[in-house]
Amino acid sequence: MTPQPTVGEIVAITTIDSDPLLLVSSASDDHVTGVLLADLPTGPLRRLQASNPDTATRRQLAQTINRTDDRTSFTVPHTDYALVERDSSRPNPFAGGEN
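Anchor point for the sequence shown: position 96 equals 95 in numbering that gives the first Met the number 0, and the numbering is continuous, going up by one each time.
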């Protein structure tokens, strides 16, 4: 079983072929809610990149994003995600195109 993430951690949604990355903004006993990293504007995404592995910064970003209404959040059951940053096993976790 995948350990339950905390606010600010990043998970991959495993039920979608591309395993999109989700910044966790809240967690409960049966699911996590967060914002897709692909939906973040350049500024917050660069702060996340620079914070590796500063989880305090990640938690602050997740809480701020959770308070905004202009981002779509996703709720994912615990069975449908995998942590990607605790063991740092994912190469270039924030790799992607520039905005």
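Every residue, glycine too, gets a C-beta built ideally from N, C-alpha and C. All values derive from a computational prediction rather than experimental measurement.
Inset, instruction - Count the other CB atoms, across all protein chains shown, that sit within 10 Å of the CB of residue 4; report buried if there are 16 or more and exposed otherwise. - result: Here residue 4 refers to the residue found at position 5 of the sequence shown. Buried, because 16 or more other Cβ atoms sit within 10 Å of the Cβ of residue 4.
Inset, instruction - Identify whether residue 21 lies in helix, strand or coil by the three-state DSSP scheme. - result: Your numbering for residue 21 matches position 22 in the sequence shown. The answer is strand: DSSP assigns residue 21 an E or B state.
Inset, instruction - Assess, as a yes-or-no matter, whether the segment 11-19 is touched by the segment 51-69 under the definition of 3 or more beta carbon pairs within less than 8 Å. - result: no
Legend entry - Neighbourhood of residue 45 by C-beta, 7 Å cutoff - its chain only, sequence neighbours within 5 removed: Locating residue 45 in the sequence shown gives position 46, where the first residue counts as 1. Correct list: empty, nothing qualifies.
Inset, instruction - Indicate the three-state DSSP secondary structure (helix, strand or coil) for residue 40 in the structure shown. - result: As a working mapping, residue 40 is identified with position 41 in the sequence shown. In the structure shown, residue 40 sits in coil (DSSP, three-state: anything other than H, G, I, E or B).
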